[in-house]
Amino acid sequence: MKVRSAVLVESGRPFPYGESRPLEVRELTLGPPGEGELLVRIEAAGLCHSDLSVIDGSRPRPLPMALGHEAAGVVAASEAAGFAPGDHVVLTFVPACGACPACAAGRPALCGPGAEANRAGTLLGGGNRLGGVFHHLGVSAFSEYAVVSARSAVKIPPGLPWEVAALFGCAVLTGAGAALYAAEAGPRDSVAVFGLGGVGLSALLAARAAGVTTLIGVDVVAGKRDLALALGASDVVQGGDDAVERVRELTGGGAVKVVDTTGVAAVLAQAYAATAPGGVTVTVGLPSAHAGLTIPALSLVAEERTLRGSYLGSCVPRRDVPKFIGMYEAGLLPVDRLLSDRLRLDQVNEGFDRLRSGEAVRQVVILR
Ligand SMILES: NC(=O)c1ccc[n+]([C@@H]2O[C@H](COP(=O)([O-])OP(=O)(O)OC[C@H]3O[C@@H](n4cnc5c(N)ncnc54)[C@H](O)[C@@H]3O)[C@@H](O)[C@H]2O)c1
Ligand SMILES: [Zn+2]
Ligand SMILES: [Zn+2]
Numbered sequence: 038m039k040v041r042s043a044v045l046v047e048s049g050r051p052f053p054y055g056e057s058r059p060l061e062v063r064e065l066t067l068g069p070p071g072e073g074e075l076l077v078r079i080e081a082a083g084l085c086h087s088d089l090s091v092i093d094g095s096r097p098r099p100l101p102m103a104l105g106h107e108a109a110g111v112v113a114a115s116e117a118a119g120f121a122p123g124d125h126v127v128l129t130f131v132p133a134c135g136a137c138p139a140c141a142a143g144r145p146a147l148c149g150p151g152a153e154a155n156r157a158g159t160l161l162g163g164g165n166r167l168g169g170v171f172h173h174l175g176v177s178a179f180s181e182y183a184v185v186s187a188r189s190a191v192k193i194p195p196g197l198p199w200e201v202a203a204l205f206g207c208a209v210l211t212g213a214g215a216a217l218y219a220a221e222a223g224p225r226d227s228v229a230v231f232g233l234g235g236v237g238l239s240a241l242l243a244a245r246a247a248g249v250t251t252l253i254g255v256d257v258v259a260g261k262r263d264l265a266l267a268l269g270a271s272d273v274v275q276g277g278d279d280a281v282e283r284v285r286e287l288t289g290g291g292a293v294k295v296v297d298t299t300g301v302a303a304v305l306a307q308a309y310a311a312t313a314p315g316g317v318t319v320t321v322g323l324p325s326a327h328a329g330l331t332i333p334a335l336s337l338v339a340e341e342r343t344l345r346g347s348y349l350g351s352c353v354p355r356r357d358v359p360k361f362i363g364m365y366e367a368g369l370l371p372v373d374r375l376l377s378d379r380l381r382l383d384q385v386n387e388g389f390d391r392l393r394s395g396e397a398v399r400q401v402v403i404l405r
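The sequence shown lines up with residues 38 to 405 when you count with the numbering used here.
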């Protein structure tokens with residue numbers, strides 16, 4: 038079938054993207070779903086910094102690639118057990134095979150074949166349904182329809198606004214999972230979140246839902262700090278060199294749990310420095326593969342520190358997408374507040390300019 042998709046034709050084009058237009062809306066020929074795959078009519082797809090990192094070249098991927106990896110839609114055709122036409126689904130960005138050692142250990146975010154397919158720009162198992170254009174993280178959702186592995190899809194209850202549902206595929210899984218599973222934030226912890234984009238604010242909301250009362254948001258953009266306060270942060274701090282000292286003052290020596298979502302290695306070093314002895318620093322940021330990190334080695338031992346990364350919020354999507362949707366419906370995780378703009382497909386380049394400048398939190402392309 039013919040579908041309109043936003044395709045990244047070249048990375049590293051100059052800003053603004055509204056002029057250089059790295060994403061072209063093209064008509065592609067989408068092949069039918071193979072065994073274990075679904076045809077999904079995409080309703081809404083979010084713009085994430087991980088798309089931007091492919092566009093600006095800091096995360097190189099095979100091109101041309103149809104971008105977009107955070108989405109919700111309706112199953113239009115199913116070649117997979119457990120899914121039928123009409124099912125509502127959220128798409129997530131690690132197609133977990135279910136059989137490799139990581140999957141067997143209950144850590145689908147680390148699925149080996151899933152990572153291999155994502156690096157290669159194919160669906161799980163190696164297939165390409167886009168006539169030679171590569172798939173982005175098994176999803177490619179800036180498109181009227183997508184063919185995905187059923188292992189990229191999670192069934193959701195009907196009734197959620199599509200633009201809200203889409204956020205659960207990446208921002209909410211990653212941010213809420215980082216706070217609840219990787220940092221294990223609880224009522225007695227002081228928590229600081231560095232970076233208040235879609236992922237960071239999801240972490241902040243989840244920490245609040247977990248009963249955290251000393252909850253500090255750090256960002257360089259004033260509007261994001263204001264939003265963090267409106268969403269329940271107890272304090273906000275301007276990002277920059279003084280941020281470490283401010284967090285240490287506000288917490289009496291460092292936050293017990295710190296989540297870094299900036300994707301900037303130098304800020305991860307600040308997040309580590311702002312963590313209390315005995316505390317945990319979690320990062321979900323994806324800096325360039327060449328960026329290094331220097332921390333005082335002694336502090337790990339002498340201060341019993343933990344530094345850990347978290348991919349996909351260390352979540353199990355089939356368990357956690359429904360769980361986080363339930364929290365949203367109970368009013369505990371008001372992630373609809375993260376939505377800043379609704380875009381048409383042909384406005385994605387301008388949308389990525391707004392994400393890059395810090396003007397927007399989570400923007401969503403509405404496909405119909
Ligand atoms: N680990 C995962 O599974 C996963 C999933 C999704 C996104 N990511 C990554 O997480 C990061 C965040 O994604 P996002 O979509 O929320 O991005 P975003 O651009 O919306 O948010 C990043 C925020 O960091 C802020 N920031 C930049 N420099 C700062 C500084 N010096 N101090 C404080 N704040 C600063 C920005 O102003 C922005 O608000 C990206 O690196 C993205 O690639 C990882
Ligand atoms: Zn993402
Ligand atoms: Zn696996």
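Cβ atoms here follow ideal geometry from the backbone N, Cα and C, with glycine treated the same way.
This structure is a prediction, so every number in the text was calculated from the model and none was measured.
Option in the options with minimal Cα separation from residue i
i	options	result
glycine 237	Val398, Ser394, Glu340, Val176	Val398
threonine 320	Leu392, Pro314, Tyr218, Pro354	Tyr218
leucine 375	Arg381, Glu396, Arg356, Gly363	Glu396
methionine 102	His172, Pro194, Thr66	His172
tryptophan 199	Val372, Phe389, Asn386	Val372
glycine 119	Gly350, Asp279, Lys192	Lys192
alanine 240	Leu210, Cys137, Leu266, Ser57	Leu210
threonine 159	Ala202, Gly71, Leu84	Gly71
threonine 343	Val184, Ser189, Ala308	Ala308
glycine 363	Pro194, Ala139, Phe52, Arg283	Pro194
valine 281	Asp256, Gly329, Ala208	Asp256
leucine 197	Cys140, Gly248, Leu76, His125	His125
arginine 359	Arg96, Ser87, Leu287, Ala190	A quick correction: the sequence has proline, not arginine, at residue 359. Residue Ala190 is the option with its Cα nearest to proline 359.
proline 354	Ala113, Phe130, Ala81	Phe130
alanine 43	Gly234, Gly212, Phe179	Phe179
alanine 302	Val91, Thr318, Pro324, Arg391	Pro324
leucine 204	His86, Ala152, Pro333	His86
alanine 117	Pro69, Gly94, Leu100, Glu153	Pro69
aspartate 93	Phe52, Ala82, Leu264	Phe52
Classification of residue i by the beta-carbon crowding that lies within 10 angstroms, buried from 16 upward
i	result
arginine 156	exposed
threonine 331	exposed
leucine 45	buried
glutamate 366	exposed
valine 338	exposed
threonine 250	exposed
phenylalanine 231	buried
arginine 356	exposed
threonine 66	exposed
glycine 39	In the sequence as displayed, the identity of residue 39 is lysine instead of glycine. So lysine 39 ends up on the exposed side.
glutamate 221	exposed
aspartate 88	buried
proline 145	buried
arginine 381	exposed
alanine 142	exposed
glutamate 80	buried
Contact under 7 Å by Cβ, residue i with residue j
i	j	result
valine 273	arginine 262	yes
leucine 292	serine 336	Note that residue 292 is alanine in the sequence shown here, rather than leucine. Contact flag unset, no.
serine 413	alanine 121	Residue 413 falls outside the range modelled here, since the chain spans only 38 to 405, and no answer is possible.
glutamate 64	arginine 41	yes
glycine 276	aspartate 297	no
leucine 128	glycine 206	yes
glutamate 181	leucine 369	no
glycine 105	serine 186	no
glutamine 400	aspartate 378	yes
glycine 216	alanine 243	Contrary to the premise, residue 216 reads as alanine rather than glycine in this sequence. Contact flag set, yes.
leucine 167	valine 385	no
alanine 313	glycine 346	no
leucine 84	glycine 350	no
cysteine 137	glycine 149	yes
leucine 75	valine 111	no
proline 132	arginine 78	no
glycine 254	leucine 233	yes
valine 304	alanine 229	no
glycine 235	alanine 208	yes
DSSP bridge partner residues for residue i (one or two, in chain order)
i	result
threonine 299	Threonine 299 pairs with nothing; no bridge assigned.
serine 115	Leu75
arginine 345	Val319
histidine 125	Val111
alanine 34	Since the first residue of the chain shown is 38 and the last is 405, residue 34 is not available in this structure.
glycine 403	A small correction: the amino acid at residue 403 is isoleucine; glycine does not occupy that position in the sequence shown. Paired residue(s): Ala81.
arginine 379	Val401
Cutoff 7 Å: residue i Cβ touching any chain B Cβ
i	result
leucine 67	The structure shown contains no chain B; it is built from a single protein chain.
* **beta strand (DSSP E) runs contained entirely in the region 39-106, provided each spans 3 or more residues** => 39-45, 60-66, 74-83
* Can you give, in chain order, each stretch of the beta strand (DSSP E) that sits fully within the region 203-278 and has at least 3 residues? -> 228-231, 252-256, 272-275
* Asked: In chain order, which alpha helix (DSSP H) runs of at least 4 residues are fully inside the region 128-210?
  -> 138-141, 149-157, 199-204
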